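With my numbering applied, the sequence shown corresponds to residues 5 to 146, in that order. Written out below as structure tokens is the structure these notes cover.
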Amino acid sequence: MHSTQVNLSVRYAETDNMGVAHHSVYYVWFEVGRSEHIKSSGVSYSQMEEEGVLLPLSESSCKYIKGLKYEEEFILNTYIEKLTGARVIFGYEICKKSDGIVCAKGQTVHAFIDEDFKVLNIKKSHPHIWQKINALYQKNSL
């Protein structure tokens with residue numbers, strides 16, 4: 005599975021009263037991973053938006069397996085689970101940097117839409133973007 009790895013650590017503001025990362029920050033981290041993964045294809049979110057391609061979230065999930073504490077370092081792996089011309093599903097895995105223990109697994113589903121909020125088929129409307137993102141996705145099968 006081809007993934008983009010991002011090294012992060014839990015910031016104090018991201019913890020709850022129990023001293024562990026609050027559940028909501030996992031989605032912020034997923035966004036960091038997703039942005040970096042897309043960027044690794046050779047196109048960035050901002051470039052896509054400049055060309056009128058938006059990528060809103062339509063579904064999200066996270067399975068919390070083991071809590072992360074303040075200053076704990078972890079690796080966020082992001083990959084594309086499924087890609088069609090109209091939508092993309094990203095997968096995420098958060099592992100402790102110290103021992104590789106999986107702490108969380110997540111998924112987000114996004115639609116490709118235009119500035120009028122109409123669904124796009126980027127294979128047809130933006131083939132150069134499709135080629136880059138599809139090449140990233142195809143690395144999963146290597």
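Ideal Cβ positions, reconstructed from N, Cα and C, are used throughout, including at glycine. These figures come from a predicted structure and were not determined experimentally.
Cα-Cα separation between residue i and residue j, rounded to whole angstroms
i, j, result
"Ile-93", "Met-22", "32 Å"
"Val-47", "Lys-136", "7 Å"
"Ile-98", "Tyr-31", "11 Å"
"Gln-131", "Val-24", "This sequence places Pro at residue 131; Gln is not what is there. Computed Cα separation, rounded: 43 Å."
"Val-29", "Glu-18", "6 Å"
"Ile-163", "Met-52", "In the structure displayed, the chain extends from 5 to 146; residue 163 sits before or after that span and is not available."
"Glu-55", "His-6", "26 Å"
Cβ shell of residue i (< 7 Å), same chain only, five flanking positions each side left out
i, result
"Ser-153", "The shown model of the chain, from 5 to 146, leaves out residue 153, and the question about it has no answer."
"Asn-138", "Leu-87"
Contacts around residue i, its chain only, beta-carbon distance under 6 Å, and the 5 residues preceding and following it disregarded
i, result
"Leu-61", "Thr-112 and His-114"
"Thr-8", "Glu-40, His-41, Ser-44 and Thr-82"
"Glu-76", "Val-14"
"Glu-63", "Val-113"
"Leu-140", "Ser-45"
"Gln-58", "Rather than Gln, the amino acid found at residue 58 in this sequence is Leu. Answer for Leu-58: Ile-117, listed in chain order."
Within 8 Å, strictly: CB atoms of residue i and residue j
i, j, result
"Gly-89", "Lys-128", "yes"
"Lys-109", "Tyr-96", "yes"
"Leu-72", "Val-10", "no"
Close beta carbons around residue i, own chain, < 8 Å, minus the five adjacent residues each side
i, result
"Asn-125", "Gly-89, Ala-90 and Phe-116"
"Cys-1", "Residue 1 is absent from the model: the chain starts at 5 and stops at 146."
Contact with chain D by residue i, beta-carbon distance below 8 Å
i, result
"Leu-58", "Note that chain D does not occur in the displayed structure, where there is just one protein chain."
Stretch-stretch touch, CB-based, cutoff 8 Å, three pairs: the region 36 to 52 with the region 66 to 77: no
The region 97 to 104 / the region 115 to 122 touching (three or more Cβ pairs under 8 Å): no
Any beta strand (DSSP E) of 3 or more consecutive residues that is wholly inside the region 9 to 37: none
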